[in-house]
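Enquirer:
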Amino acid sequence: IQILKPGLFNDCPDGPFSLNFIYDRAAQQKRLFGLRHEGQWIELNHPEGLAAAEQALLE
2 IQILKPGLFN DCPDGPFSLN FIYDRAAQQK RLFGLRHEGQ WIELNHPEGL
52 AAAEQALLE
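Going by the numbering used here, the sequence shown opens with residue 2, and the numbers climb by one from there.
Following this line, the structure appears as structure tokens:
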């Protein structure tokens, strides 16, 4: 999961580009941060994961 401020996309190349362009620029400006999530994680990229997430929300 990532949260990106819209201003990070200023001056980006036209058309498709790698997000590494944004990460590298943010790192050069000492504006790249991250957190380690220690809690529960459920992948939602398949039906079983969605079912697990729905069940977790009911509990």
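Ideal Cβ placement from N, Cα and C applies to all residues, glycine included.
1) Determine the direct distance from the alpha carbon of Gly8 to that of Lys31, and round the result to whole angstroms.
2) So, at 7 Å on beta carbons, what are the nonlocal neighbours of Ile43 in its own chain, with the 5 sequence-adjacent residues on each side left out?
3) Contact defined as beta carbons within less than 8 Å: I believe Ala27 pairs with Leu33. What is the distance between those atoms, to the nearest angstrom?
4) I need the DSSP call for Asp15, collapsed to helix, strand or coil.
Expert: Taking the coordinates as given:
1) 15 Å
2) Gly50, Ala53, Ala54, Ala57
3) 4 Å
4) coil
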